[in-house]
Ligand code: SF4
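Residue numbers (this note's numbering): 10 to 350.
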């Protein structure tokens with residue numbers, strides 16, 4: 010595995026219950042991803058500007074899983090595309106995102122292709138079956154990825170492919186199968202095996218449970234947890250709170266392009282619960298909780314209200330909320346839930 014960054018600047022929003030007992034020096038040494046003030050703005054054909062991601066800041070450490078959650082269109086997948094350098098030409102970025110010592114924002118395609126994708130960031134895709142090449146066997150695709158990322162050839166390449174398959178729990182006896190011959194779970198493992206070939210310190214899982222039945226969701230979540238426990242930093246982008254609860258150490262909630270709460274999974278999903286009204290609404294919408302949907306719809310990113318973007322849907326909104334709340338103490342809200350009440 011590539012050595013994690015030893016950037017000595019202070020980590021932001023990363024302290025977990027487990028980490029808090031460690032010395033700050035040893036904790037900072039484990040940081041893999043540092044995102045600071047990341048913003049992504051699109052210029053549309055009609056000249057409008059759409060702020061899809063606004064001033065996002067967080068850190069991610071080796072062995073840790075951060076779940077980035079929120080409704081569709083909240084900006085979480087745009088953030089993932091920004092980290093991978095896959096934004097369209099009409100996008101402009103600001104801020105900083107450093108993975109394992111490499112600045113991602115503004116990096117050229119050559120740098121991203123040669124040093125980032127697959128090597129520093131392994132992508133566990135949203136749709137494994139679509140991500141795999143349909144006319145080539147899983148083994149052939151794994152071997153090709155091994156050659157491209159490691160330069161290994163012959164027996165060494167085959168051994169490396171087998172190792173990646175084993176780490177993703179993909180059965181060696183199925184390596185000669187084509188993607189259409191795989192179940193949903195095996196296709197997911199095949200895509201994960203490809204993501205693991207380059208031994209990237211950061212795995213970015215973009216909606217990896219979409220379209221899977223509950224059993225496969227649980228299995229995929231458990232596999233991601235296993236990869237975190239083996240030392241990978243995992244950025245799990247999902248709208249599936251059950252998968253996040255099963256996998257994550259911390260949860261960051263996005264709304265209208267901003268992080269509105271970041272908390273330990275223990276506090277977020279436990280008896281304390283989230284502090285931000287939107288985050289509480291997301292949890293309460295689950296069938297196993299109150300099954301009460303949040304009224305209204307998310308705002309258009311190109312037409313955000315002044316102040317807090319959640320105000321039109323928020324039961325706590327008042328005049329103070331016409332001023333944009335900044336993230337402070339893990340929550341961006343003028344009237345957050347008081348956990349000590
Ligand atoms: S800032 Fe105001 S409107 Fe926004 S979530 Fe908090 S209470 Fe609701």
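From the three backbone atoms N, C-alpha and C, an ideal C-beta is built for every residue, glycine too.
- Between the beta-carbon of residue 45 and that of residue 58 there is about 21 angstroms, and that puts the pair past the 8 angstroms contact cut.
- Within 7 angstroms of the C-beta of residue 323 there is at least one heavy atom belonging to the ligand SF4.
- The C-beta of residue 337 has fewer than 16 other C-beta atoms within 10 Å across all chains shown, which makes the residue exposed.
- Boundaries for residue 246: no alpha helix (DSSP H) harbours it, while the beta strand (DSSP E) harbouring it runs 242-247, taken from the DSSP string.
- Bridge pairing for residue 158: absent [DSSP].
- Going by DSSP, residue 207 is part of no alpha helix (DSSP H) at all; its letter is neither H nor E.
- Going by beta carbons, residue 74 and residue 231 fall outside the 8 angstroms limit.
- Beta-bridge partners of residue 103 (DSSP): 48.
- When rounded, the separation of the alpha-carbon atoms in residue 348 and residue 66 is 23 angstroms.
- Residue 134 has its alpha-carbon roughly 26 angstroms from the corresponding atom of residue 309.
- For the 8 angstroms CB-CB criterion, residue 87 and residue 62 form a contact.
- Using a Cβ-Cβ distance cut-off of 8 angstroms, the region 240-255 and the region 152-170 are not in contact, since fewer than three pairs of beta carbons, one from each stretch, lie closer than that value.
- Along the region 250-288, the beta strand (DSSP E) occurs as fully enclosed runs of 3 or more residues at 259-264, 267-273, listed in sequence order.
- Residue 169: member of the alpha helix (DSSP H) spanning 163-176, first to last residue.
- Taken from the Cβ of residue 334, at least one heavy atom of the ligand SF4 lies inside 7 angstroms.
- Residues 250, 251 of the same chain have their beta carbon placed closer than 8 angstroms to that of residue 295, with the five preceding and five following residues left out of the count.
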